[in-house]
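A.B. asks:
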Amino acid sequence: MKKLLLIFASASVLSAPAASVVACGGTPELRIAFVPSQKATEVTATVSKLESKLEAEMKKHDKNFSRKVKITTATNYEAAGNAMKKGKTDLAFLPVNTYESYRGDVKDDGTYSDAGILLVASRKALTAESAFPSFQTDDKFDDAKAASSTISTTDLDKLSANYNDILNKQINISGEANSKKLELNPENIKKVLFDSKGSDVSYYRSYIYANKDFVSKTLGENVPASGIAFTTEQLKSLVDKAVKDKAFGLGESPTSSASVLYPLHWLKHDLGYSNEEIKKVYETKELQKNYSDAAQGLANGKFELAVGFGDIRNELKEPSTLVSAFKNSITIGASIGIPNDGIMFSRKTVDETLATNLRTSLISLIKDPTNAEIFGIYSHTGYVGPKDGETNTAFESTRDKIVTSNLSTIKEIKDLVAEIAA
-1 MKKLLLIFAS ASVLSAPAAS VVACGGTPEL RIAFVPSQKA TEVTATVSKL ESKLEAEMKK
59 HDKNFSRKVK ITTATNYEAA GNAMKKGKTD LAFLPVNTYE SYRGDVKDDG TYSDAGILLV
119 ASRKALTAES AFPSFQTDDK FDDAKAASST ISTTDLDKLS ANYNDILNKQ INISGEANSK
179 KLELNPENIK KVLFDSKGSD VSYYRSYIYA NKDFVSKTLG ENVPASGIAF TTEQLKSLVD
239 KAVKDKAFGL GESPTSSASV LYPLHWLKHD LGYSNEEIKK VYETKELQKN YSDAAQGLAN
299 GKFELAVGFG DIRNELKEPS TLVSAFKNSI TIGASIGIPN DGIMFSRKTV DETLATNLRT
359 SLISLIKDPT NAEIFGIYSH TGYVGPKDGE TNTAFESTRD KIVTSNLSTI KEIKDLVAEI
419 AA
């Protein structure tokens, strides 16, 4: 998976002087910022239970830990990144491209001056990806292949078609009479969407979703059958029509990976759009307030095209709306892999001891099944920190290199969006 000044629930946090938020216990609160990938109220309601749980877990590792954990949801991704950079929040749950924008300057040891990587998230593989032939080695899912930034456009188009085909073959999406397929409901969708073998992945990607009626009206009889990829010409027809209708949904935050940068990279990488054409797409976008808004907009036709991780439709809380979103939309495209997001920390307020205890505590908490809903807000199923014998610095510098490598892939698009958004 937009953004610019953070508004926390408590205005005093924003106005707190730097001297009051020095590491080593200078502030009475441990402040954690979440980003609004869903409605801010939904995010806050889901993760608020982490406050007391993290306080209790931290005390197990440091008997002198006495801070109150304060969780807030930022107005946008940039707000969370900016607050972390300035030391106005201690931790932030961020995608890598937002983190990269606020981490500061590289130091001699390979880490960065203003922020660091506390933990990297892992998440469940999508069945459409773990079963995709091009992502297999010796008949087993190969995370490195799936995460690669050099996947061919042909494979990405086939992946999108495979996504639809797996759902259509196993779930009665079209409402066929006397069907032996699974009923279209949230439980069955989740069962089919995610890899039953429990494979974890180091990446996610942005999918381009389309309203089915829009596709039919635009392409007529030329709509590909389930499992058949759209041609480049067909995809361009859909994109151009959605842009003309001002119904191409994109996110607000210019550093969002899944709702801005990687979909635009898809336009350039897969469809060959020029920078001027991409600029027009971005400037005429229909704003996705969050991923739930995008999914609901696909269902009711507000969006002809919308973007987000796999699967934004599964984020809808109301069962009937979720069913409608799957019934009325399909995927038409897929981006290259995006390195998993994670939990980042401010170097102004978090020292090495605190970072170590936070890593241990958060890894312990996410392993507890009773906390699945909290961390599931971003589809996190686990966290990766330093290996045994690996120093914090070595872990952070290695992960920062991955972020930098990702930037080289996306830099042209990121710079273009920053220029437009300025």
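Heads up, the sequence shown is in this note's numbering, so the first residue is -1 and it goes up one at a time. We put the CB at the ideal spot given by N, CA and C, even for glycine.
1) Going by DSSP, name the residue or residues bridged to Ile206.
2) Leaving out the 5 sequence neighbours to the left and right, which residues in its chain are closer than 8 Å to Thr391 when beta-carbon positions are compared?
3) What's the C-alpha gap between Ser85 and Gly308?
4) Counting only runs that start and end within the stretch 249 to 311, where is the alpha helix (DSSP H) found for 4 or more residues in a row?
5) Kindly identify the DSSP beta-bridge partner or partners of Thr71.
6) Keeping to the same chain, check which residues put their C-beta closer than 8 Å to that of Ile164; ignore five residues upstream and five downstream.
7) Would you report the Cα separation of Val415 and Ser64, rounded to the nearest angstrom?
8) In three-state DSSP terms, what is Phe228?
9) Less than 7 Å between C-beta atoms, sequence neighbours within five positions excluded: which residues of the same chain meet that for Gly23?
10) Would you call the stretch 83 to 98 and the stretch 333 to 350 touching, i.e. three or more CB-CB distances under 8 Å?
11) Excluding the five sequence neighbours on either side, which residues of its own chain have a C-beta within less than 8 Å of the C-beta of Phe192, listed in chain order?
12) For the beta strand (DSSP E) containing Val382, list its first residue and its last residue.
13) So who's on the other strand from Val118, going by DSSP bridges?
14) Identify which residue in Lys195, Phe373, Glu281 has its Cα closest to the Cα of Ala420.
15) Cα separation between Lys51 and Leu116?
16) Quick check: Leu248 and Lys300, are their CB atoms within less than 9 Å of each other?
17) Using C-beta distances below 8 Å, list every residue in its chain close to Lys277, excluding the 5 sequence neighbours before and after it, in chain order.
18) Look at Leu182 and Ile334 and say whether their C-beta atoms are less than 9 Å apart.
19) If I measure Cβ to Cβ from Asn404 and keep anything under 7 Å in the same chain, skipping five residues before and after, which residues do I get?
20) Just checking my contact of Ala145 with Ser200 at CB under 8 Å: how many whole Å lie between their CB atoms?
21) Give the range of the beta strand (DSSP E) segment to which Leu89 is assigned.
22) When DSSP labels each residue in this structure, what does Glu27 get in the three-state scheme?
23) Distance check for Thr135 and Ala240, CA to CA, integer angstroms please.
24) If you follow the alpha helix (DSSP H) that Pro184 is in, where does it begin and where does it stop?
25) Leaving out the 5 sequence neighbours to the left and right, which residues in its chain are closer than 7 Å to Tyr271 when beta-carbon positions are compared?
26) Buried or exposed, going by whether 16 or more other CB atoms sit within 10 Å of the CB of Asp141?
27) In terms of residue numbering, what span does the alpha helix (DSSP H) encompassing Leu320 cover?
28) For Phe139, list the residues DSSP reports as bridge partners.
29) Three-state secondary structure (DSSP) at Ile411?
30) Can you name, in chain order, every residue of its own chain whose Cβ lies under 6 Å from the Cβ of Ser322, other than the five neighbours on each side?
31) Is it buried or exposed for Leu285, if we count other Cβ within 10 angstroms and need 16 for buried?
32) Per DSSP, which residues does Asp198 bridge with? Please list them.
33) Gly247 bridges to which residues according to DSSP?
34) Just how far apart, CA to CA, sit Ala444 and Ala31?
35) Figure out for me which residue from Glu410, Arg101, Thr73, Ala43 has the closest Cα to the Cα of Glu274.
36) Which residue marks the beginning of the alpha helix (DSSP H) containing Leu352, and which one marks its end?
C.D. replies: Straight from the coordinates:
1) What you label residue 206 is simply residue 208 of the sequence shown in a count that begins at 1. In the DSSP output, where bridge partners are listed per residue, Ile206 has Val305, Gly331.
2) The residue given as residue 391 occupies position 393 in the sequence shown. So the list reads Asp107, Gly108, Thr109, once near-sequence residues are dropped.
3) Your numbering for residue 85 matches position 87 in the sequence shown. Your numbering for residue 308 matches position 310 in the sequence shown. Reading the sequence as shown, one finds Gly at residue 85 and not Ser. Approximately 33 Å, taken between the alpha carbons.
4) Counting whole runs of 4 or more residues, the stretch 249 to 311 contains the alpha helix (DSSP H) stretches 260 to 267, 273 to 281, 289 to 298.
5) Counting from one through the sequence shown, the residue named residue 71 turns up at place 73. Answer is Phe32.
6) As a working note, residue 164 is residue 166 in the sequence shown. Once the five neighbours on either side are set aside, the close Cβ partners of Ile164 are Thr125, Ala126, Ala129, Val190.
7) On the sequence shown, residue 415 is found 417 positions in, with the first residue counted as 1. On the sequence shown, residue 64 is found 66 positions in, with the first residue counted as 1. Near 43 Å, if we compare the C-alpha coordinates of Ser64 and Val415.
8) Here residue 228 refers to the residue found at position 230 when the sequence shown is read from its first residue. Reduced to three states, the DSSP call for Phe228 is coil.
9) Counting from one through the sequence shown, the residue named residue 23 turns up at place 25. Interpretation of Gly23 is limited by its pLDDT of 42, a score under 50 that renders its predicted location unreliable; no figure is taken from the coordinates.
10) Short answer: they touch.
11) The residue labelled residue 192 in the question sits at position 194 within the sequence shown. Answer for Phe192: Lys122, Ala123, Leu124, Thr125, listed in chain order.
12) For the purposes of this step, residue 382 is taken as the residue at position 384 of the sequence shown. Note, Val382: beta strand (DSSP E), 380 to 382.
13) Position 120 of the sequence shown holds residue 118. Paired residue(s): Gly340, Val382.
14) Taking the first residue of the sequence shown as position 1, residue 420 is located at position 422. The shortest C-alpha separation from Ala420 is found at Glu281.
15) Position 53 of the sequence shown holds residue 51. Position 118 of the sequence shown holds residue 116. Roughly 18 Å separates the two Cα atoms.
16) What you label residue 248 is simply residue 250 of the sequence shown in a count that begins at 1. What you label residue 300 is simply residue 302 of the sequence shown in a count that begins at 1. No; because the gap between Cβ atoms is not below 9 Å, this pair is not in contact.
17) Locating residue 277 in the sequence shown gives position 279, where the first residue counts as 1. Cβ neighbours of Lys277 beyond the five flanking positions: Leu414, Ile418.
18) As a working mapping, residue 182 is identified with position 184 in the sequence shown. As a working mapping, residue 334 is identified with position 336 in the sequence shown. Against a cut-off of 9 Å, the Cβ pair of Ile334 and Leu182 comes out as no contact.
19) Reading the sequence shown from its first residue, position 406 is the one you call residue 404. Taken in chain order, the residues that qualify are Val94, Pro337.
20) Stepping through the sequence shown from its first residue, residue 145 is reached at position 147. Stepping through the sequence shown from its first residue, residue 200 is reached at position 202. Confirmed, about 6 Å.
21) The sequence position of residue 89 within the sequence shown is 91, counting from 1. Taken as a continuous stretch (DSSP letters only), the beta strand (DSSP E) holding Leu89 covers 89 to 92.
22) To locate residue 27, count along the sequence shown from 1; it is residue 29. In the structure shown, Glu27 sits in a strand (DSSP, three-state: E or B).
23) Here residue 240 corresponds to residue number 242 of the sequence shown, with the count starting at 1. Here residue 135 corresponds to residue number 137 of the sequence shown, with the count starting at 1. Using only the alpha carbons, I get a separation of about 38 Å.
24) Along the sequence shown, read from residue 1 onward, the residue named residue 184 stands at position 186. Taken as a continuous stretch (DSSP letters only), the alpha helix (DSSP H) holding Pro184 covers 184 to 191.
25) The residue given as residue 271 occupies position 273 in the sequence shown. Within the same chain, Tyr271 has close Cβ partners Leu265.
26) Stepping through the sequence shown from its first residue, residue 141 is reached at position 143. Asp141 comes out buried.
27) Here residue 320 refers to the residue found at position 322 when the sequence shown is read from its first residue. Counting along the chain, the unbroken alpha helix (DSSP H) around Leu320 starts and ends at 317 to 325.
28) On the sequence shown, residue 139 is found 141 positions in, with the first residue counted as 1. DSSP lists Gln134 as partners of Phe139.
29) In the sequence shown, counting from the first residue as 1, residue 411 sits at position 413. Three-state result, Ile411: helix.
30) Numbered from its first residue, the sequence shown carries residue 322 at position 324. Excluding positions up to five away in sequence, the list reads Ala297.
31) Here the question's residue 285 lines up with position 287 in the sequence shown. So Leu285 counts as exposed.
32) As a first step, residue 198 must be located in the sequence shown, where it is residue number 200. Per DSSP, Lys122.
33) One-based indexing of the sequence shown puts residue 247 at position 249. For Gly247, which the question treats as bridged, DSSP gives the partners Glu284.
34) With the chain covering -1 to 420 only, the question about residue 444 has no answer from this structure.
35) Translated into positions along the sequence shown, residue 274 becomes position 276. Of the candidates Glu410, Arg101, Thr73, Ala43, the one whose C-alpha sits nearest the C-alpha of Glu274 is Glu410.
36) Position 354 of the sequence shown holds residue 352. It spans 350 to 365 - the alpha helix (DSSP H) in which Leu352 sits, taken as one unbroken run.
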